[in-house]
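In what follows, a single structure is set out as structure tokens and then discussed.
2 protein chains.
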Amino acid sequence: MNSTKTSSDLLEYVYDPVRNRLQSSVEMLSELVSQQPGILSELLDHVLDATGKLIRPTVVLLASNFHSNDDCDVETLAAAVELLHMATLIHDDTVDSSEVRRGKATVSSLWGPKRAVLLGDYVFATSAKFVCDTENVRVIRRFAETAMELSSGELREIESAYSKDLTRNQYLDRIYRKTASLFTTAAESGAMVVGSPEHVIKALKDYGYNLGMAFQIVDDVLDFDGKQAEVGKPVGNDLTQGILTMPAILALEQYPVNNPISALCEDPSDEKKLKTALEMIHNHSFIQDSIEIAREYSSKALDSIRNIELNRSRQSLEVLAEYVVDRRF
Amino acid sequence: MNSTKTSSDLLEYVYDPVRNRLQSSVEMLSELVSQQPGILSELLDHVLDATGKLIRPTVVLLASNFHSNDDCDVETLAAAVELLHMATLIHDDTVDSSEVRRGKATVSSLWGPKRAVLLGDYVFATSAKFVCDTENVRVIRRFAETAMELSSGELREIESAYSKDLTRNQYLDRIYRKTASLFTTAAESGAMVVGSPEHVIKALKDYGYNLGMAFQIVDDVLDFDGKQAEVGKPVGNDLTQGILTMPAILALEQYPVNNPISALCEDPSDEKKLKTALEMIHNHSFIQDSIEIAREYSSKALDSIRNIELNRSRQSLEVLAEYVVDRRF
Chain A
-11 MNSTKTSSDL
-1 LEYVYDPVRN
9 RLQSSVEMLS
19 ELVSQQPGIL
29 SELLDHVLDA
39 TGKLIRPTVV
49 LLASNFHSND
59 DCDVETLAAA
69 VELLHMATLI
79 HDDTVDSSEV
89 RRGKATVSSL
99 WGPKRAVLLG
109 DYVFATSAKF
119 VCDTENVRVI
129 RRFAETAMEL
139 SSGELREIES
149 AYSKDLTRNQ
159 YLDRIYRKTA
169 SLFTTAAESG
179 AMVVGSPEHV
189 IKALKDYGYN
199 LGMAFQIVDD
209 VLDFDGKQAE
219 VGKPVGNDLT
229 QGILTMPAIL
239 ALEQYPVNNP
249 ISALCEDPSD
259 EKKLKTALEM
269 IHNHSFIQDS
279 IEIAREYSSK
289 ALDSIRNIEL
299 NRSRQSLEVL
309 AEYVVDRRF
Chain B
-11 MNSTKTSSDL
-1 LEYVYDPVRN
9 RLQSSVEMLS
19 ELVSQQPGIL
29 SELLDHVLDA
39 TGKLIRPTVV
49 LLASNFHSND
59 DCDVETLAAA
69 VELLHMATLI
79 HDDTVDSSEV
89 RRGKATVSSL
99 WGPKRAVLLG
109 DYVFATSAKF
119 VCDTENVRVI
129 RRFAETAMEL
139 SSGELREIES
149 AYSKDLTRNQ
159 YLDRIYRKTA
169 SLFTTAAESG
179 AMVVGSPEHV
189 IKALKDYGYN
199 LGMAFQIVDD
209 VLDFDGKQAE
219 VGKPVGNDLT
229 QGILTMPAIL
239 ALEQYPVNNP
249 ISALCEDPSD
259 EKKLKTALEM
269 IHNHSFIQDS
279 IEIAREYSSK
289 ALDSIRNIEL
299 NRSRQSLEVL
309 AEYVVDRRF
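Chains as they are written, first to last, in the numbering used here: chain A, -11 to 317; chain B, -11 to 317.
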């Protein structure tokens, strides 16, 4: 309880310098709902009502604060980043047949996979339209490349399910694609769109990459360790679906012979093997070791921005890097 | 057989002024396959191997020939249009659980809906990346808007299934979204990207719209009337899925009382009612009347471009407008 409160306080500190602009971005998303006829409005309302912690748009807005440019509509870019994230969530939930996301029933579980696929497409395209408002082709291209990485990352996750030979590098490449790519783009494009100098863009790009890697490793840890009510989805979900993440990879690295996780990979439907594999993760230090690896990425995120202007937004980015490894949901 | 040959000859005439550049666009798509690792290469190879008649990229290339601009990479734009079309087909086949497309098994039937959703996303994003190479934000924005129209059109098709109250205007709006929007964008963006004057862009945009409307009405007619081997999918498929198209709408307009199509809408699982509804379509002039409506759109397409330069590409566009209503597959 105490740690939840602290991590919530950290987040409030992070939002502070961009609170009003973040609110404007959220209002743009709400307006999207009211403009739609029929089922599209209903579907959008459902997903937008479950808006999460808005970390990605917050990163966009903070990253835009290292160069002065009053004419630039960064709020629309921030909304575009959240839309791209949401489109991915809608399709991922459909592909994974997930029932719950952010504590709410998913679109695919309520309205079926057909509507979920098409709604995801619509949200994806809307994100592209929003980013066009920046009139900045370099930013738009980064969005397109990120969307390619997001889908290919999820495809690799499916292909590597129950693969006991998955290496740490393959795992890191996968989480870059599925998560860190969009964090990178959020930070980089926030800096690009206001016309920051190249060294600032590079610093924020590196920050976004490291923040995203830390974020996903912690996310994967919370899948084993979090409380269902806080995480908003069932605990142990990844391993149940054969998706090996950092704790499982550390276990396979350290115990290459007679490993219960290898045994599960060879016999995915054996519930007893699943239970033994989960016990192995919990009875060793793999979870703590994974958090340490996330903490290293978080440190690298801080290092990346240590030479840019020290203003209130940089302090927020620093606290955010701390938050992503300390959070409990 | 004779009519097939003629319609094939028409198409060869259409391709002629852009044959080499169309070949370059197709090669760009082939290169995409060779650049990918693992399953993505296999999936892309399957869909790209089934490339259709390439009408949309042909329209892009022809539409770019009314203004001289040697520096412009129209081939990449043409490839982007085909990719956007393919992404839609991949998702539509997934949503509709279609087994066959262009005479080949669909990705979703061979590799399952999960991979098909993600492959569609990847192709969609690749299309966006290709269009960024134009560096033309107006063109890129039209792509994003078209992608919104494509997905919302397909969503409306699902929502209006078995709706006996579907009006002709609702049908026309739906086929605009699902087909004519991309034809419009193909023609318009081909003209935009080379820097054509606004009146030429407008003329080609109108041409694309009318060509697309004619194309889809004929496509819907072929669903009733074509031969399975030629059309590449089962005949009567739309009505079987409760999708009412022009022939059915004409039938409902002319026989508002005791209509077998209304009866089918009220009792979708009754195979006898499906048979009676299909017989009604075939035993009246609804198919011929629908083709007449398509022919009116085709005439409007010709009218749209009658004031632009009369060159070989305009002759191709004129013959293409003839082809789309005369084709048999």
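Glycine included, every Cβ here is placed at the ideal spot set by N, Cα and C.
### Query
Counting only beta-carbon atoms, is residue 162/A nearer than 8 angstroms to chain B?
no
### Query
Given residue 301/A, which residues of its chain have a CB within under 6 angstroms of its CB, disregarding the five upstream and five downstream residues?
5, 50 and 53
#### Entry: Range covered by the alpha helix (DSSP H) that runs through residue 131/A
125 to 147
### Query
Is the Cβ of residue 304/A closer than 8 angstroms to any Cβ of chain B?
no
### Query
Among the residues of its own chain, which have a CB less than 8 angstroms from the CB of residue 248/B, if the five just before and after it don't count?
261, 264, 265, 267 and 268
### Message
Counting only beta-carbon separations shorter than 8 angstroms, does residue 60/B have a partner in chain A?
### Response
no
### Message
If I follow the unbroken alpha helix (DSSP H) through residue 162/A, where does it start and stop?
### Response
156 to 163
### Best match in 296/B, 293/B, 294/B and 282/B for proximity to residue 312/B [C-alpha to C-alpha]
282/B
### Message
Between the alpha carbons of residue 299/B and residue 37/B, how many angstroms are there, rounded?
### Response
33 angstroms
### Message
Taking 8 angstroms as the cut-off, does the region 191 to 203 of chain B touch the region 168 to 178 of chain B (at least 3 CB pairs, one atom from each stretch)?
### Response
yes
### Query
Applying a beta-carbon distance threshold of less than 8 angstroms, which residues of chain D neighbour residue 22/A?
In the displayed structure, chain D is absent; the protein chains listed are A and B.
### Message
If distances are taken between C-alpha atoms only, which option among 0/B, 41/B and 243/B comes closest to residue 89/B?
### Response
41/B
### Task
Output the distance between the C-alpha atoms of residue 114/B and residue 139/A, rounded to the nearest integer angstrom.
11 angstroms
### Query
Quick one: Cα of residue 165/B to Cα of residue 303/A, how far?
47 angstroms
### Which residues DSSP lists as bridging residue 89/B, in chain order
92/B
#### Entry: residue 63/B to residue 289/A span [Cα, whole Å]
41 angstroms
#### Entry: C-alpha gap between residue 136/B and residue 9/B, whole angstroms
28 angstroms
### For residue 200/B, the first and last residue of its enclosing alpha helix (DSSP H)
186 to 213
### Query
Can you give the beta carbon distance from residue 120/B to residue 132/A, rounded, assuming they're within the 8 angstroms contact cut?
6 angstroms
### Query
Would you report the Cα separation of residue 295/B and residue 3/B, rounded to the nearest angstrom?
22 angstroms
### Task
Quick one: measure Cβ to Cβ for residue -1/B and residue 70/B, integer angstroms, because I've assumed they're closer than 8 angstroms.
So it is not a contact: roughly 16 angstroms between Cβ atoms.
### Message
Beta-carbon within less than 7 angstroms of residue 116/A's beta-carbon, same chain only, minus the 5 sequence neighbours each way: which residues are those?
### Response
131
### Task
Hey, could you find the ends of the alpha helix (DSSP H) residue 166/A is sitting in?
From DSSP, residue 166/A is part of no alpha helix (DSSP H); its letter is neither H nor E.
### Message
According to DSSP, is residue 296/A part of a helix, a strand, or is it coil?
### Response
coil
### Task
Answer yes or no: do residue 159/A and residue 234/A have a C-beta to C-beta separation smaller than 8 angstroms?
yes
### Message
Which residues of the region 229 to 262 of chain A have a Cβ closer than 8 angstroms to any Cβ of chain B? Give them in chain order.
### Response
none
### Query
Hey, does residue -9/A have any beta-carbon neighbour from chain B nearer than 8 angstroms?
With a pLDDT of 47 at residue -9/A, under the threshold of 50, the predicted position of this residue should be treated as unreliable, and no value is reported.
### Query
From which residue to which residue does the alpha helix (DSSP H) around residue 46/B run?
43 to 51
### Task
Look at the Cβ atom of residue 96/A, then the Cβ atom of residue 109/A, and state whether they are nearer than 8 angstroms.
no
### Contact residues within the region 125 to 142 of chain B, judged by C-beta distance below 7 angstroms to chain A
125, 128, 129, 132, 133, 135, 136, 139, 140 and 142
### Message
Please tell me whether residue 102/A has its Cβ less than 8 angstroms away from any Cβ of chain B.
### Response
yes
### Message
Checking 8 angstroms against the spacing of the C-beta atoms, do residue 143/A and residue 103/B come in under that value?
### Response
yes
### Query
Roughly how many whole angstroms lie between the Cα atoms of residue 232/A and residue 84/A?
15 angstroms
#### Entry: Short CB-CB distance (under 8 angstroms) between residue 43/B and chain A
no
### Query
From what residue to what residue does the alpha helix (DSSP H) around residue 225/A run?
225 to 228
### Task
Kindly say whether residue 82/A, judged by its beta-carbon, lies nearer than 8 angstroms to any beta-carbon of chain B.
yes
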